[in-house]
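Numbering (UniProt numbering), first residue to last: 1 to 240.
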């Protein structure tokens, strides 16, 4: 991308994790974006990279619904990837890598996207498979990040809490990375250079099926050194 000074992040990550299997899913392919006018994004070719120490048997890109009208031209080509890893009990670990919409004119599209993902995961669970989704939900996964991190978010309404009723009748649950003793946000509002008074929240996390036991999940505090996000992690085991 022009904004990354043509640094190939995908190649860099693959080189650092040599020997890992991977899938790459494109969600932004723009010849040139003239915004912002003072320093335009320029050319971009970007996506989501999934890396695994275990062999990925197959990968699939699933397009998500996006808004119509003007927002259709400025939003990413929203999608999630589905990567399948064989497990010794003849089942599969199905991994979903995602980046859902933010800044929508209403919450309908974001809900439709999440519903599609949940339905897909539930169908795989009912086949006996293990399901884990991870990525940027663009939702306040802690429900009230402003209160937790002590910075009022009343002026920032782009990340609303996840509606818990979306999981009713499923065998899935949300995992929000959080350390109660030392909470660290996964995202900052990108309306300017980083400063300690910016609105921060946690939008990056996971969804797991109930045959996956989560032993921990937290945010690595890198101080937003590399982007407007801090990395998150989750440790888990597959049951049975």
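For glycine and all other residues, C-beta sits at the position ideal for the given N, C-alpha and C.
Do residue j and residue i come within 8 angstroms of each other at the CB atom, strictly closer than that value?
i	j	result
residue 102	residue 46	no
residue 65	residue 112	yes
residue 230	residue 184	yes
residue 97	residue 134	yes
residue 175	residue 207	yes
residue 221	residue 177	no
residue 32	residue 43	yes
residue 63	residue 79	yes
residue 93	residue 136	no
residue 172	residue 115	no
residue 48	residue 81	yes
residue 228	residue 188	yes
residue 247	residue 68	Outside the modelled stretch of the chain, which goes from 1 to 240, sits residue 247, for which no answer is possible.
residue 24	residue 10	yes
Quick one: is residue i buried, meaning 16 or more other Cβ sit within 10 Å of its Cβ, or exposed?
i	result
residue 95	buried
residue 18	exposed
residue 141	buried
residue 193	exposed
residue 201	buried
residue 181	exposed
residue 139	buried
residue 88	exposed
residue 108	exposed
residue 157	exposed
residue 117	buried
residue 126	exposed
residue 110	buried
residue 38	exposed
Under the DSSP definition of a beta bridge, which residues are partnered with residue i?
i	result
residue 98	80 and 135
residue 232	219
residue 205	135
residue 92	86
residue 238	212
residue 161	140
residue 200	188
Locate the alpha helix (DSSP H) running through residue i, then write down its first and last residues.
i	result
residue 108	108-126
residue 149	145-149
residue 13	9-16
What is the residue span of the beta strand (DSSP E) that residue i lies within?
i	result
residue 27	21-33
residue 61	56-63
residue 46	42-52
residue 38	First-last for residue 38: undefined, no H or E at that position.
residue 175	172-175
Give every residue of the same chain whose Cβ lies closer than 8 angstroms to the Cβ of residue i, excluding the five residues on either side of it in the sequence, and list them in chain order.
i	result
residue 236	132, 208, 212, 213, 214 and 215
residue 256	Shown here, the chain extends from 1 to 240; a query on residue 256 therefore has no answer.
residue 151	197, 198, 199 and 200
residue 148	142 and 183
Can you list, in chain order, the residues of its chain with a C-beta nearer than 6 angstroms to that of residue i? Leave out the 5 residues immediately preceding and following it.
i	result
residue 7	none
residue 29	45
residue 2	42 and 43
residue 219	177, 184, 186, 230 and 232
residue 190	228
residue 179	218
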